[in-house]
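For the sequence shown, UniProt numbering gives the first residue as 1, with consecutive numbering after it.
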Amino acid sequence: MLTARGWWFVAVVGFITLNGVLWAGRYSATVPLIGLTLLVWFAFEWLLFAYRFRACADRIAVTRVLLHGDRPVPAVWAGTKCTVRVTVTSYGTARLPFVHLQDRSPNDVSFAGGVYSLAPGEPISLEYTLRTATPGVLRFEGVSVRIADVAGLFYKRLFIRNPVDCLVLPPLTDDEGRRRANKRFNSLPPPGVHRLRRPGNGSELLDLREYRPGDPPKMIAWKPSARRDKLIIKEFESDVPVRCVLFVDASNGARVGPPGAAPVVRLAGIASGVAQAAAANRDLVGLTVFDEETTAATPPARTRVHTINLLRTLAIAAGRRPDPRHTDADLVARYAHPVAQELYPDLLAKDVNSRPVAMFWLPIVDSGWLWVVMGLLVLSGYLTSRAAWMNAVVGSMRDYVPRSGSPWVNVAVFMLLVLPILCAPSILAGFVWLLHGVRGFFPPRAPMMSRRKQLGALFAGRDGTGPAAVERHQYDDEFFVARATRFLQTHRVDLPIVLHDKNGNYRFRSERKIDVLAGALIRAVGRARDNELYVILADLAELGDDLDPVIRAIGVAKARHHSVLVIVPWPPDVPPPAAVSSDDDGRKGGWPDQHKTVRLGTVVRMVLAHRYQKGFARVRVALARAGATVVRADDGDPVRLILERMDRVRGARTRS
């Protein structure tokens, strides 16, 4: 394609050449020769650029490596820096003298790019540093390649797709390094495997660890302490490991929020801290991630591989995008089309994804104007069948017909004057049909149909669903919205989210997750061995009236002598529930004076905050009656609270 400089060059040189040819007989032939020479040079440059582009366009490869400390890693840690190395190699037969390369990095990471000369077999490396603050998923789509000639007359854009999803694991905590044992070999069975099935007063040595303040002096192993020149503590089989199962809410409601600040991200961070600290204390931690439909359970274990797998599962849960539940096809298309243009320029080109003019015609059968047209046609047929109508029209027009010498001319003029009146309803129906159809060639329908047709062809080509799916994407709003939303979620592009409906109700309550959570808790109780701790990290503040299945499941767990702890995420813009009861009507505490002028937005925010506080109060009262402890995620250190509860279940020692 020609650049703006190329179009100006053709216009100016063409004007000079045309004037030189027209005035060559009166002036010198130097001017047309110069113009023709420039045009020949332009044609040669165009042929050379076209050859280079076709020889290398589909032969450019991209490889990507993430480095941490000069070694490749499959995942990165949140809060740490890593290096991204992108290698671009051309396997074509021509050299591209001017190429601009730009890596499409995640939205919250700076990108790398530059201008290079791409020769066959000579790789080009791009390196840049990225750092993410929260766990989740980083998606690298590929490299944008802009090819131009040295003169800047021609230009082509490619996108080398190389999609890579990289996990961002939750950050390592300090408790991960506090291992209770540094003894590598033991003639006894593995830790926790012994003949005693219940905690007791067994005296078999289980492990050795370093001294911590608060340990009783009688547990000091003096000989190992003398050899290592530091205090070493003996641990016996009476200190059996504690099993803890974490239930993390990954439902659609928990995923709603700013990028990196959704409730599921906070809950994943808490679960990560508990898993690492428990592994350092040689306890067994299991994980169950649930949403409205499914659960993914990992049985309790305490190996390093198990801990890494837990962190990977939490990173995947934290990286899931919410479903905005939009029904406006035009809104979704306006967000999806620019993404498709950037990532799939070859599949949206005019030569492979055209927009025929006929598709802009607005069919009248889909609107109420069809009844108007049908009524006019019926009226026309009725009037034509009436002889009185025909005689009246012919008699009234007889005196206005001009006379001539030829009878054929008289008949033709008479018919031209009479037929429009006889068929006036039919002509009016055709005029209504024409105006209604032509409206499709103007905004807002024309841009919308253009976007939906191109996106429908892209989706049908990627899914392999055939030409029929293109038409369905154009005219089936529900089908198109579902596919376009999935397309945006795959490429990690967020849509605007409407939190409340027209009645003020929260749209992301996710009631179905209650039954899923209750079933997962019952299954965990069925697999339990000793007294275990179940930690439910879920957004339940809006579900105070739907907690009956969970209350029954907690009752089953308490009947088996297990402990249940519920941690509810708390929005940062909602004040803590200071003395807010479930029966408070909201007329006291925190509300502005009735004589003071406040903005409507402030009142709405206060009403929503108070309603959230009341919902949390109802949840806390209902679950406390069932025997569970309910706390907020921002109330102190939830990780330490869970670890202290595990020590209470263990019953042998307390955490310093």
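All residues carry an ideal CB built from backbone N, CA and C; glycine is no exception.
What residue does the alpha helix (DSSP H) around residue i start on, and which one ends it?
{"i": "Cys56", "result": "30–56"}
{"i": "Trp433", "result": "424–438"}
{"i": "Thr63", "result": "Note, Thr63: premise wrong, no alpha helix (DSSP H); beta strand (DSSP E) at 60–67."}
{"i": "Leu608", "result": "600–626"}
{"i": "Leu101", "result": "It is not in any alpha helix (DSSP H) - Leu101 instead sits in the beta strand (DSSP E) that spans 96–104."}
{"i": "Val357", "result": "Counting along the chain, Val357 falls outside any alpha helix (DSSP H), and DSSP gives it neither H nor E."}
{"i": "Thr313", "result": "304–318"}
Mind reading off the beta-carbon distance from residue i to residue j? Whole number of angstroms is fine, and I expect it under 8 Å.
{"i": "Gly136", "j": "Pro163", "result": "That belief does not hold up - the Cβ atoms of Gly136 and Pro163 are roughly 16 Å apart, past 8 Å."}
{"i": "Val264", "j": "Ala275", "result": "With 8 Å as the limit, Val264 and Ala275 do not qualify as a contact, their Cβ atoms being about 16 Å apart."}
{"i": "Leu623", "j": "Val630", "result": "5 Å"}
{"i": "Val245", "j": "Glu532", "result": "6 Å"}
{"i": "Val21", "j": "Phe42", "result": "Not confirmed; about 17 Å, so no contact."}
{"i": "Tyr91", "j": "Pro120", "result": "7 Å"}
{"i": "Arg228", "j": "Pro300", "result": "So it is not a contact: roughly 32 Å between Cβ atoms."}
{"i": "Ala336", "j": "Leu488", "result": "6 Å"}
{"i": "Val493", "j": "Val603", "result": "Contact flag wrong, Cβ pair sits at about 34 Å."}
{"i": "residue 658", "j": "Asp165", "result": "In the structure as shown, the chain begins at 1 and stops at 656. Residue 658 is therefore absent and cannot be evaluated."}
{"i": "Val541", "j": "Val568", "result": "Note that residue 541 corresponds to Ala in the displayed sequence, not to Val. Indeed they touch by this definition, with Cβ atoms about 6 Å apart."}
With DSSP as the reference, label residue i as helix, strand or coil.
{"i": "Asp647", "result": "helix"}
{"i": "Ile364", "result": "helix"}
{"i": "Gly114", "result": "strand"}
{"i": "Gly14", "result": "helix"}
{"i": "Phe290", "result": "strand"}
{"i": "Asp573", "result": "coil"}
{"i": "Trp369", "result": "helix"}
{"i": "Ser581", "result": "In this predicted model, Ser581 has a pLDDT of only 49, less than 50, meaning its place in the structure is not dependable; the value taken from the coordinates is given anyway. Here Ser581 sits in coil by DSSP."}
{"i": "Ala271", "result": "helix"}
{"i": "Tyr506", "result": "strand"}
{"i": "Ala75", "result": "strand"}
{"i": "Glu542", "result": "coil"}
{"i": "His337", "result": "helix"}
Near residue i, what residues of its chain come up, given a Cβ to Cβ distance below 8 Å and the 5 sequence neighbours on each side ignored?
{"i": "Thr485", "result": "Asp323, Pro324, His326, Val332, Leu495"}
{"i": "Ile233", "result": "Leu208, Arg209, Glu210, Tyr211, Arg212, Asp215, Met219, Ile220, Ala221"}
{"i": "Phe479", "result": "Arg472, His473"}
{"i": "Met390", "result": "Thr384, Leu422"}
{"i": "Leu499", "result": "Val256, Tyr506, Arg507, Phe508"}
{"i": "Pro97", "result": "Ser117, Asp149, Val150"}
{"i": "His436", "result": "Leu362, Ile364, Ser367, Trp369"}
{"i": "Pro420", "result": "Ile427"}
{"i": "Met359", "result": "Met449, Lys453, Gln474"}
Leaving out the 5 sequence neighbours to the left and right, which residues in its chain are closer than 6 Å to residue i when beta-carbon positions are compared?
{"i": "Val580", "result": "Annotation note: pLDDT 48 at Val580 (below 50); position unreliable, no value reported."}
{"i": "Ser634", "result": "For clarity, residue 634 is Asp in the given sequence; the question names Ser instead. Within the same chain, Asp634 has close Cβ partners Trp570."}
{"i": "Gly456", "result": "Val470, His473, Gln474"}
{"i": "Asp530", "result": "none"}
{"i": "Gly260", "result": "Thr134"}
Specify, as a first and last residue, the run of the beta strand (DSSP E) that residue i falls within.
{"i": "Leu158", "result": "155–169"}
{"i": "Arg85", "result": "81–90"}
{"i": "Gly136", "result": "136–148"}
{"i": "Ala297", "result": "295–301"}
{"i": "Glu127", "result": "124–131"}
{"i": "Phe442", "result": "Where Phe442 is concerned, there is no enclosing beta strand (DSSP E), given that its DSSP letter is neither H nor E."}
{"i": "Ser563", "result": "563–568"}
{"i": "Ile536", "result": "533–537"}
{"i": "Phe480", "result": "Looking at the DSSP string, Phe480 is not in any beta strand (DSSP E); the run it does join, the alpha helix (DSSP H), is 477–490."}
{"i": "Val248", "result": "243–249"}
Grab me the residues of residue i's own chain with a C-beta within less than 7 Å of its C-beta, minus the 5 sequence neighbours each way, in chain order.
{"i": "Ala557", "result": "Leu521, Val525, Tyr534, Val564"}
{"i": "Pro189", "result": "No answer about Pro189 holds up, because its pLDDT of 49 lies below 50 and its placement is not dependable."}
{"i": "Ala78", "result": "Thr132, Ala133, Thr134, Pro135, Val168, Leu169, Pro170, Pro171"}
{"i": "Pro577", "result": "Gln613, Phe616, Ala617"}
{"i": "residue 671", "result": "Residue 671 lies beyond the stretch modelled for the chain, which goes from 1 to 656, so this question has no answer here."}
{"i": "His68", "result": "Val76, Cys82"}
{"i": "Ser510", "result": "Ser251, Asn252, Gly253, Glu292"}
{"i": "Leu39", "result": "Val13, Thr17"}
I'd like to check one pair, residue j with residue i: are the Cβ atoms closer than 8 Å?
{"i": "Pro425", "j": "Leu376", "result": "yes"}
{"i": "Ala130", "j": "Tyr116", "result": "Looking at the sequence provided, one finds Leu at residue 130 rather than Ala. No, these two residues do not count as a Cβ contact at 8 Å."}
{"i": "Arg304", "j": "Pro241", "result": "no"}
{"i": "Leu343", "j": "His491", "result": "yes"}
{"i": "Leu517", "j": "Val550", "result": "yes"}
{"i": "Leu169", "j": "Arg312", "result": "yes"}
{"i": "Asp249", "j": "Leu537", "result": "yes"}
{"i": "Val418", "j": "Met397", "result": "yes"}
{"i": "Glu127", "j": "Arg85", "result": "yes"}
{"i": "Trp433", "j": "Val394", "result": "no"}
{"i": "Thr93", "j": "Ala61", "result": "no"}
{"i": "Leu284", "j": "Thr298", "result": "no"}
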